[in-house]
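Written below as structure tokens is the structure these notes are about.
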Amino acid sequence: MDKGTNFFPGDVMDPNSDLNQWLQLVFRWLHVIAGVMWIGHLWFFNFVNAQVAKTYDADSKKKVVPELMPRALYWFRWGAAYTFITGILLLGLVYSMGGALVPPNDMPVAVRLGVGAATGISLASLVIGFAIYDMMWKAMAKQEMAGMVVSLVLTTGFAFGLAQFLSGRAVYIHIGALFGTIMAANVWMRIWPNQRKIITAIKNGTAPDAALVATAGLRSKHNTYMSMPLMFFMISSHYGTVYGHEYSWAFVPGFVAAGWVIAKLCFSKSATKAPAEFATGDAAAAPPASAAK
Numbered sequence: 003m004d005k006g007t008n009f010f011p012g013d014v015m016d017p018n019s020d021l022n023q024w025l026q027l028v029f030r031w032l033h034v035i036a037g038v039m040w041i042g043h044l045w046f047f048n049f050v051n052a053q054v055a056k057t058y059d060a061d062s063k064k065k066v067v068p069e070l071m072p073r074a075l076y077w078f079r080w081g082a083a084y085t086f087i088t089g090i091l092l093l094g095l096v097y098s099m100g101g102a103l104v105p106p107n108d109m110p111v112a113v114r115l116g117v118g119a120a121t122g123i124s125l126a127s128l129v130i131g132f133a134i135y136d137m138m139w140k141a142m143a144k145q146e147m148a149g150m151v152v153s154l155v156l157t158t159g160f161a162f163g164l165a166q167f168l169s170g171r172a173v174y175i176h177i178g179a180l181f182g183t184i185m186a187a188n189v190w191m192r193i194w195p196n197q198r199k200i201i202t203a204i205k206n207g208t209a210p211d212a213a214l215v216a217t218a219g220l221r222s223k224h225n226t227y228m229s230m231p232l233m234f235f236m237i238s239s240h241y242g243t244v245y246g247h248e249y250s251w252a253f254v255p256g257f258v259a260a261g262w263v264i265a266k267l268c269f270s271k272s273a274t275k276a277p278a279e280f281a282t283g284d285a286a287a288a289p290p291a292s293a294a295k
């Protein structure tokens, strides 16, 4: 790579140095810990708690919600925060400082940018991406199908735009970073502030504002749908066959749609009786022989 156009020259952080490798290991570990905490609670809210909450009467809701939700939302929101922070640090270590952000000079690219410029544009695109998403869904909150189609088109356009100056591997990780940024911003700017007001209203025995409930629920639903393709794009960076194709950006809408289908199947299953069932009969009722002694 031409050091004259590299904002992070190799003598600052050699991607193969022991320090860089240790930092990557530690931040990946923390990233996974925080991500499991965050997404685990996200799925609990959407696939488990959403169905259980339908069984509450007024007294049960007033007792359970103020006790359960603040605790769950604590781990949920801080899991989101630390997942985002460690993710941005990893982007810097692995891509901007690790030589994986832009294609090498001997590979063709539509727009040849230095690492500094490419880093600035790609990070700015994450912020702009959330702003576009947020404005769009404020306007299309009641038109979910149309909003889904527009979101898929915009995501494809985002991938195409990044592919003009980033490496294929960097394009895929930045699609994941875009979803992660939107999801984390949803948590801290739309879900948690609304949930605080909802919990307070329930605790006081009053009906929460329906608009707050609708917004928090919709953004949580969006996060659940985004979480499936998000994980695909995060692990895809290890498979050159996927991101190394000349038109790898064109595969993005297919992978996103596949993730949405998986999320839809999980939502559908959560609404059935199956998750609430458990084994019955003599086999389930009888304790193990060792326990009976």
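In this text, residue positions in the sequence shown follow the working numbering: the first is 3, and each later residue adds one.
In this text, a Cβ means the ideal position worked out from N, Cα and C, and glycines have one as well.
Boundaries (first-last residue) of the alpha helix (DSSP H) holding W45: Start at 1 with the first residue of the sequence shown, and residue 45 comes out as number 43. Looking at the DSSP string, the run of the alpha helix (DSSP H) that includes W45 is D20 to W45.
Continuous beta strand (DSSP E) assignments of at least 3 residues falling wholly in the region 64–127: none
Step through the CB atoms of chain D and report whether any lies within less than 8 Å of the CB of V244. No chain D appears in the structure shown, which is made up of a single protein chain.
Leaving out five residues on either side along the sequence, give the residues of the same chain with a beta carbon under 6 Å from the beta carbon of Y241. The residue you call residue 241 lines up with position 239 of the sequence shown. Counting only Cβ-Cβ distances below 6 Å, and skipping sequence neighbours, we find nothing.
Nearest to P68 (by Cα), restricted to the options G89, T202, M228 and D61: If you number the sequence shown from 1, residue 68 lands on position 66. Nearest option by C-alpha distance: T202.
Does the beta-carbon of G246 have 16 or more other beta-carbons within 10 angstroms, so that it is buried, or is it exposed? The residue you call residue 246 lines up with position 244 of the sequence shown. With fewer than 16 Cβ atoms within 10 Å of its Cβ, G246 is classed as exposed.
Applying the criterion that 16 or more other CB atoms from any shown protein chain within 10 Å of the CB defines a buried residue, is R221 buried or exposed? The residue labelled residue 221 in the question sits at position 219 within the sequence shown. Burial call: buried.
Beta carbon of S62 nearer than 8 Å to that of V104: Numbered from its first residue, the sequence shown carries residue 62 at position 60. Numbered from its first residue, the sequence shown carries residue 104 at position 102. No, the pair does not count as a contact, with Cβ atoms beyond the cut-off.
Please report how far the alpha carbon of I90 lies from the alpha carbon of H33, in whole angstroms. Translated into the one-based positions of the sequence shown, residue 90 becomes position 88. Translated into the one-based positions of the sequence shown, residue 33 becomes position 31. So the alpha carbons of these two residues sit roughly 10 Å apart.
Can you find a heavy atom of the ligand MG that lies under 7 Å from the Cβ of A120? Absence of the ligand MG from the depicted structure is noted, as is the absence of any ligand whatsoever, leaving it without description.
Cα-Cα separation, G101 to N107: Your numbering for residue 101 matches position 99 in the sequence shown. Your numbering for residue 107 matches position 105 in the sequence shown. So the alpha carbons of these two residues sit roughly 11 Å apart.
Same chain only: Cβ atoms within 6 Å of F132, ignoring 5 sequence neighbours per side: Within the sequence shown, numbered from 1, the residue matching residue 132 stands at position 130. T183, I184 and A187, listed in sequence order.
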